[in-house]
Structure formats: C-alpha cells, structure tokens
Amino acid sequence: LKSGDRRRIAVLRMLKARILDKEVELRSSKGRDYRLDDDEVRETLRSYAKQRRQSVEAYQDAGRNDLAANEQAELEMVSEYLPEAPSAERIREIVEQAAAELNAAGAKDFGRVMKEAMARLKGAADGREVSQIVRSVLQGS
C-alpha cells in the first residue's frame, strides 16, 4: 500500500476476495469455520491465473491489445505468488512414468494417463501443456 502501486493493490485485493469467497463456499458445505490450507490457496491462485491467461488470449483474438496488456500485467503479478511450474522435460518424465505404470498402449488410454499425470503434478503444470505431452508420448514421438 505504501508503494502506491494501485494495480498491484487491486490484484492483491482481488486475490484475497477470491480466497475468502472460497472459504465461505466451503464453510457453507462443511458447516463450520473453514480456512483454506496452502494447497487450496495455491489452487485458487492457479484458477485466477488461468482466467487471466484465457482473457489475454480472448482480447488478443479480438484485437484489443490494450486490454490484453492489462490482463497480462495482472497475470504476471499473480504468477509471482505461485510456485514455479515444472519444465517440459520434467512433465515428460512424469507422463512417461505414468504411461509405463498404466501400460498405456495408445490414444485410447489418454484419459487414464492424463488423470494420473495431473495427480502427480498436483496442478502445478498447465493442463494444456500436459495434454500435448501426453499425446506425443502416447503416439510414440
């Protein structure tokens, strides 16, 4: 607040509101005072970051580069609070291990391998990237 960075303040307030909304949602379903644990907070932040990524793409497709730049700036701020995503090589290793353990034979096993890989990655990687790697591993490339 003291720095006067209005955009950062707005983003942090939005993130805090998202976390509080999630706690209220869970409180009503669990019936008691509920606080998100660290994994749930990270998942909430990832969800917000994913929405910002989709907004950037939508604005760029619509030719609204000014709005896309605003969304990109917000995404970069949110990303500062997320753990670093695993590299493509690390994702490929995890996918290959999952495919081997599941005896995946081809495209028909895509869903099983994808589910297992995402569970092992604990949501740290972008699903679209994981999906592409799963496809390439199952196709034998």
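When we follow my numbering, the leftmost residue of the sequence shown carries the number 2, and every step to the right adds one. Even glycine gets a Cβ: it sits at the ideal position worked out from N, Cα and C.
Between the region 118-136 and the region 79-91 there are three or more C-beta pairs closer than 8 Å, enough to call the two in contact.
Burial of L139 is indicated by the presence of at least 16 other C-beta atoms within 10 angstroms of its C-beta. Here the alpha carbons of E94 and R136 stand approximately 14 Å from one another. From the listed residues A108, R91, G141, the smallest Cα separation to R121 is found for R91. A118 places its beta carbon less than 8 Å from that of A99. Going by beta carbons, L37 and Y82 fall outside the 8 Å limit. Judged by DSSP secondary structure, S88 falls outside any alpha helix (DSSP H); it is assigned neither H nor E. Distance from the CA of V114 to the CA of R7, rounded to the nearest whole angstrom, comes to 43 Å.
Listed in chain order, the non-local C-beta contacts of E72 below 7 Å within the same chain comprise R53, S56, V57, Y60, local neighbours out to five positions each way being set aside. Across the structure, V79 and S30 are spaced so that their CA atoms are roughly 28 Å apart.
Under the DSSP assignment, G112 falls in the alpha helix (DSSP H) whose first and last residues are 111-122. One Cα belongs to V96, the other to D40, and the distance between them is close to 22 Å.
By the neighbour-count criterion, in which a residue is buried when 16 or more other Cβ atoms sit within 10 angstroms of its Cβ, V12 is buried. Shortest Cα-Cα distance from A50 to any of E77, D67, Q133 involves E77.
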